[in-house]
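Peer 1: Got a structure for you, written out below as structure tokens; questions coming shortly.
There are 2 protein chains.
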Amino acid sequence: MRNFDEMPGHLARRFQQIAVAVFHGEVGEAGFDLTPVQFAALSAIEANPGLDQATLAGLIAYDRTTIGGVVDRLVQKGLAERNASSTDRRARVLQITDQGRDTLERIDPAVDAAQHMLVRGLTEDEAETLMHLLRKAIDAGNDLSRAPQRTAWTAASHERIKPAK
Amino acid sequence: MRNFDEMPGHLARRFQQIAVAVFHGEVGEAGFDLTPVQFAALSAIEANPGLDQATLAGLIAYDRTTIGGVVDRLVQKGLAERNASSTDRRARVLQITDQGRDTLERIDPAVDAAQHMLVRGLTEDEAETLMHLLRKAIDAGNDLSRAPQRTAWTAASHERIKPAK
DNA sequence: ATCATATTGACAGTATACTGATTATCAGTG
DNA sequence: CACTGATAATCAGTATACTGTCAATATGAT
Numbered sequence: 035m036r037n038f039d040e041m042p043g044h045l046a047r048r049f050q051q052i053a054v055a056v057f058h059g060e061v062g063e064a065g066f067d068l069t070p071v072q073f074a075a076l077s078a079i080e081a082n083p084g085l086d087q088a089t090l091a092g093l094i095a096y097d098r099t100t101i102g103g104v105v106d107r108l109v110q111k112g113l114a115e116r117n118a119s120s121t122d123r124r125a126r127v128l129q130i131t132d133q134g135r136d137t138l139e140r141i142d143p144a145v146d147a148a149q150h151m152l153v154r155g156l157t158e159d160e161a162e163t164l165m166h167l168l169r170k171a172i173d174a175g176n177d178l179s180r181a182p183q184r185t186a187w188t189a190a191s192h193e194r195i196k197p198a199k
Numbered sequence: 035m036r037n038f039d040e041m042p043g044h045l046a047r048r049f050q051q052i053a054v055a056v057f058h059g060e061v062g063e064a065g066f067d068l069t070p071v072q073f074a075a076l077s078a079i080e081a082n083p084g085l086d087q088a089t090l091a092g093l094i095a096y097d098r099t100t101i102g103g104v105v106d107r108l109v110q111k112g113l114a115e116r117n118a119s120s121t122d123r124r125a126r127v128l129q130i131t132d133q134g135r136d137t138l139e140r141i142d143p144a145v146d147a148a149q150h151m152l153v154r155g156l157t158e159d160e161a162e163t164l165m166h167l168l169r170k171a172i173d174a175g176n177d178l179s180r181a182p183q184r185t186a187w188t189a190a191s192h193e194r195i196k197p198a199k
């Protein structure tokens, strides 16, 4: 058998697999029914009220065909709202609801716990190094995926959030 | 918006996302139609002829409900065979076909290229460090996922491949 | 031998992710 | 204003992954 332990791709899959399991464990135990993806989306919606789905996808690097279903489930749970844009009839603008804001606030400790649990085998320095190297590799590979992270404007203010690099 | 760049879970998702895209890119360009998961499974079957699906799942840390479909597709492509076990009527034993062996041999350069592409933003030392830290974090978190990596015996020889730690 | 327990593989159901295509709409050009 | 090209969202189809459940079978303790 090839030595998968030396293939970054295999390690990537295992690490992500564990990350999702840990998130479900911590967050589920705290009484919430949110997936990692739903949490990230809701968090981005809270911070950028009125953004459209394409911008949301770019902000957290989702595929644009995936985001529709994610938002569907957030809306169905009463955590977000989706409405037609008044300025672009193609776009749907997103807002967080009071319930969504409340959920985010109360879920934070569990999310924090999950992040720490995920690197529980590493010292603090090692965890820092791991994240630094992951970020570096991700930045270099950003354009290689169908869903690259993108700079964004808030649909509401048309003001650039992140400066062009 | 919460700072996802400091959440190992988010970085895990992005890194895996890019890993899959890179694999598809390199391997697809080389003319093959194998996913990362199918490649790993086929490779493990080659190295452990006659293993059953549960053992396969443990070897490469798949969920056992996922492995069935993966093997289905390998069989359908003519790369592997699945037969009833003669010693355990519950189990299905797996074998690689000549075509499967041939595919693995010819696909290797593309897989190698993908692994390098994935860490193209890092120096060789950094890539080594990244893999070391990922392995360390994964080892500590192994039991947290539904599909932990397990030691295995070959169904054929009943000989332990990896010693109990 | 028998019974409690564990294991193997399968199923239904849900949630990510992707490819590739389509529709509706917008924005810039001539 | 008409036309071209880009963009927002959706759809159909495929492949991972997981939860929870089940039937068939194996194994270990008594």
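Chains as they are written, first to last, in our numbering: chain E, 35 to 199; chain F, 35 to 199. Beta carbons are placed, not taken as given, at the ideal position from N, Cα and C, and that holds for glycine. These numbers were taken from a predicted model, which means no experiment stands behind them.
1. In angstroms with no decimal places, state the Cα-to-Cα distance between E:L152 and F:Q51.
2. At a Cβ threshold of 8 Å, is E:E115 touching chain F?
3. Which residues bound the alpha helix (DSSP H) around E:L128?
4. Using beta-carbon positions only, say whether E:V127 and E:N117 come within less than 8 Å of one another.
5. Within a Cβ cutoff of 6 Å, which residues of the same chain sit near F:H44, ignoring the five residues on either side of it in sequence?
6. Show which residues of chain E have a CB atom less than 8 Å away from the CB atom of F:E160.
7. Using a Cβ-Cβ cutoff of 9 Å, what residues of the segment 39 to 60 of chain E are near chain F? List them in chain order.
8. Looking at the unbroken alpha helix (DSSP H) that takes in E:A114, where does it start and where does it end?
9. For a contact defined as C-beta to C-beta under 7 Å, what are the partners of F:R36 on chain E?
10. Bridge partners for E:D86 per DSSP, in chain order?
11. Return no unless some Cβ of chain F is closer than 8 Å to the Cβ of E:L164.
12. Using 8 Å as the threshold, is the segment 52 to 61 of chain E in touch with the segment 142 to 156 of chain E, meaning 3 or more CB pairs across them?
13. Decide yes or no for the touch test of the segment 74 to 85 of chain F against the segment 127 to 140 of chain F: beta carbon pairs closer than 8 Å, at least 3 of them.
14. State the CB to CB distance for the pair E:I94 and E:A114, rounded to an integer number of angstroms; the pair is presumed to be in contact (CB under 8 Å).
15. Compare the Cα-Cα distances from E:I141 to each of E:G65, E:M41, E:P42, E:R47 and report the closest residue.
16. Starting from E:I94, find everything on chain F with Cβ-Cβ shorter than 7 Å and list it in chain order.
17. Does the CB of E:A88 have a neighbour CB from chain F at under 8 Å?
18. For chain F, is any of its Cβ atoms less than 8 Å away from the one on E:G155?
19. Indicate whether at least one CB of chain F lies closer than 8 Å to the CB of E:S179.
20. Taking all protein chains shown into account, decide if F:S120 is buried (16 or more other Cβ within 10 angstroms of its Cβ) or exposed.
21. Could you check which residue in E:L156, E:M165, E:T157 has the C-alpha nearest to that of F:E160?
22. What number of angstroms, rounded off, separates the C-alpha of E:E162 from the C-alpha of F:D97?
23. Exposed or buried, what is F:P143 when buried is set at 16 or more other beta-carbons lying within 10 Å of its beta-carbon?
24. In whole angstroms, what separates the C-alpha of E:V145 from that of F:R123?
25. Name the chain F residues whose beta carbon is nearer than 9 Å to that of E:A118?
26. Looking at the C-beta of E:G84, does it have a partner C-beta in chain F at a distance below 8 Å?
27. Does DSSP classify E:A95 as helix, strand or coil?
28. By the criterion of Cβ-Cβ separation under 7 Å, what are the contact partners of E:Q149 in chain F?
29. Could you check what DSSP says for E:S179 in three-state terms: helix, strand or coil?
30. Run through DSSP, which three-state label would E:D67 get?
Peer 2: According to the structure data:
1. Numbered from 1 along the first sequence, position 118 holds the residue referred to as residue 152 of chain E. Numbered from 1 along the second sequence, position 17 holds the residue referred to as residue 51 of chain F. Their backbone Cα atoms lie some 18 Å apart in a straight line.
2. Taking the first sequence and counting its residues from 1, the one referred to as residue 115 of chain E is at position 81. It does not; no Cβ of chain F falls within 8 Å.
3. The count along the first sequence starts at 1 and reaches residue 128 of chain E at position 94. Not the alpha helix (DSSP H): E:L128 falls in the beta strand (DSSP E), residues 126 to 130.
4. Counting from 1 along the first sequence, the entry for residue 127 of chain E is found at position 93. Counting from 1 along the first sequence, the entry for residue 117 of chain E is found at position 83. In this structure, E:N117 lies closer than 8 Å to E:V127 by Cβ.
5. Residue 44 of chain F sits at position 10 when you count from the first residue of the second sequence. Result list for F:H44: F38, in chain order.
6. Position 126 of the second sequence, counting from 1, holds the residue named residue 160 of chain F. Within 8 Å Cβ-Cβ: L167, K170.
7. D39, E40, M41, P42, G43, H44, L45, A46, R47, R48, F49, Q50, Q51, I52, A53, V54, A55, V56, F57, G59
8. To locate residue 114 of chain E, count along the first sequence from 1; it is residue 80. Per DSSP, E:A114 belongs to no alpha helix (DSSP H); it is in the beta strand (DSSP E), 114 to 118.
9. Along the second sequence, read from residue 1 onward, the residue named residue 36 of chain F stands at position 2. What F:R36 touches in chain E: S77.
10. In the first sequence, the residue the question calls residue 86 of chain E occupies position 52. The partner list for E:D86 (beta bridge, DSSP) reads E:V127.
11. If you number the first sequence from 1, residue 164 of chain E lands on position 130. Closer than 8 Å: yes.
12. yes
13. yes
14. The residue labelled residue 94 of chain E in the question sits at position 60 within the first sequence. The residue labelled residue 114 of chain E in the question sits at position 80 within the first sequence. 14 Å between Cβ atoms; not a contact.
15. Here residue 141 of chain E is taken as the residue at index 107 of the first sequence, counted from 1. It is E:G65 whose Cα lies nearest to the Cα of E:I141.
16. Counted from its first residue, the first sequence places residue 94 of chain E at position 60. Those within 7 Å of E:I94 in chain F are F38.
17. Translated into the one-based positions of the first sequence, residue 88 of chain E becomes position 54. Not one chain F Cβ lies under 8 Å of E:A88.
18. Counted from its first residue, the first sequence places residue 155 of chain E at position 121. Taking Cβ atoms only, chain F reaches closer than 8 Å to E:G155, which makes this a yes.
19. Here residue 179 of chain E refers to the residue found at position 145 of the first sequence. Yes, E:S179 counts as interfacial toward chain F.
20. Taking the first residue of the second sequence as position 1, residue 120 of chain F is located at position 86. F:S120 should be labelled exposed.
21. Position 126 of the second sequence, counted from the first residue, corresponds to residue 160 of chain F. The candidate whose alpha carbon is nearest that of F:E160 is E:M165.
22. Within the first sequence, the letter at position 128 stands for residue 162 of chain E. Within the second sequence, the letter at position 63 stands for residue 97 of chain F. Rounded to whole angstroms, E:E162 to F:D97 spans 30 Å at the Cα level.
23. Position 109 of the second sequence, counting from 1, holds the residue named residue 143 of chain F. That one is exposed.
24. Stepping through the first sequence from its first residue, residue 145 of chain E is reached at position 111. Stepping through the second sequence from its first residue, residue 123 of chain F is reached at position 89. Taking the straight line from one Cα to the other gives about 44 Å.
25. For the purposes of this step, residue 118 of chain E is taken as residue 84 along the first sequence, with counting starting at 1. Under the 9 Å cutoff, chain F gives no residues; its nearest Cβ is about 24 Å from E:A118.
26. For the purposes of this step, residue 84 of chain E is taken as the residue at position 50 of the first sequence. Chain F contact via Cβ: absent.
27. Counting from one through the first sequence, the residue named residue 95 of chain E turns up at place 61. DSSP places E:A95 in coil when its eight states are reduced to three.
28. Position 115 of the first sequence, counted from the first residue, corresponds to residue 149 of chain E. Going along chain F in sequence order, the residues near E:Q149 (Cβ under 7 Å) are M41, P42, G43.
29. As a position in the first sequence, residue 179 of chain E is number 145, starting the count at 1. Of the three classes helix, strand and coil, the one that applies to E:S179 here is coil, per DSSP.
30. Mapped onto the first sequence, residue 67 of chain E falls at position 33. Note: E:D67 maps to coil in three-state DSSP.
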